[in-house]
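Per this note's numbering, the very first residue in the sequence shown carries number 52; after that it's consecutive. Even glycine gets a Cβ: it sits at the ideal position worked out from N, Cα and C.
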Amino acid sequence: MSAITPIDIPFDKRHTCWFCGEPCDRYFEYHSQVHTPHPSLAVPACGECLTLAKQPTFRT
Ligand SMILES: [Zn+2]
52 MSAITPIDIP FDKRHTCWFC GEPCDRYFEY HSQVHTPHPS LAVPACGECL TLAKQPTFRT
């Protein structure tokens, strides 16, 4: 049950960091920490933003 479900991201943005816009090859996965219609979803993120995003104090 670890499948990533990308949200509706334009094809040309799927390798662009959702947070800073830099090219990336990772995904930041949301789980039950936020209310979504999906059990889990993911947005593309670079390593730097991925680290930031995983901090409890991170806010979008
Ligand atoms: Zn980034």
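Judged by beta-carbon spacing, L92 lies beyond the 7 Å limit of Y78, meaning their Cβ atoms are not closer than that value. For the pair P74 and C100, the Cα-to-Cα distance works out to about 12 Å. Rounded to the nearest angstrom, the gap between the Cα atoms of F62 and A104 is 22 Å. For W69, the CB contacts under 8 Å within the same chain, skipping 5 residues up- and downstream, are I60, F79, V94, P95, A96 and C100 in chain order.
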